[in-house]
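Novice: Following the working numbering from start to finish, the sequence shown increments by one per residue and tops out at 184. Okay, here's the structure, questions in a sec.
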Amino acid sequence: MSKAFIAAVIQDSLGCTGVAASHGAEALIQAIVSELKTEGGFTLPSFGRFTVCATKARQALNPRTGEPVKVQAGRTVRFKASPSLKKSV
Numbered sequence: 096m097s098k099a100f101i102a103a104v105i106q107d108s109l110g111c112t113g114v115a116a117s118h119g120a121e122a123l124i125q126a127i128v129s130e131l132k133t134e135g136g137f138t139l140p141s142f143g144r145f146t147v148c149a150t151k152a153r154q155a156l157n158p159r160t161g162e163p164v165k166v167q168a169g170r171t172v173r174f175k176a177s178p179s180l181k182k183s184v
């Protein structure tokens, strides 16, 4: 799914212009990112839950050379589908 797809769905459902739908899609994405940054999670009822999780520092291997590489600790977003989404798919 892309931002253009979200904008197209908004445009079709509201009957607005493509520019307005694109602004709406961008605002939606920014709102989700902002909520993840401030609250650490975001839930869409009947769809699922996005959570921010910490990752540990670790050793990995460079696939080209096979040499060990240090990967720094960081944060990532994880998604858990709701039971109704699992049932419908």
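Backbone N, C-alpha and C fix where the C-beta goes; we use that ideal spot for every residue, glycine too. Remember, predicted model here, so these are calculated numbers, not experimental data.
1) Per the contact definition of three or more C-beta pairs closer than 8 Å, is the segment 175–182 in contact with the segment 135–154?
2) I think residue 133 touches residue 150, with their Cβ atoms under 8 Å apart; what is that distance to the nearest whole Å?
3) Taking the C-alpha atoms as reference points, what is the distance between residue 113 and residue 124?
4) If you count every other CB in all the chains shown that lies within 10 Å of the CB of residue 115, and 16 or more means buried, which is it?
5) Considering just the uninterrupted stretch of the alpha helix (DSSP H) at residue 168, what are its terminal residues?
Specialist: If we stick to the structure as given:
1) yes
2) In fact, because the Cβ distance is near 20 Å, the residues do not count as touching under 8 Å.
3) 16 Å
4) exposed
5) Run containing residue 168: none; DSSP gives neither H nor E here.
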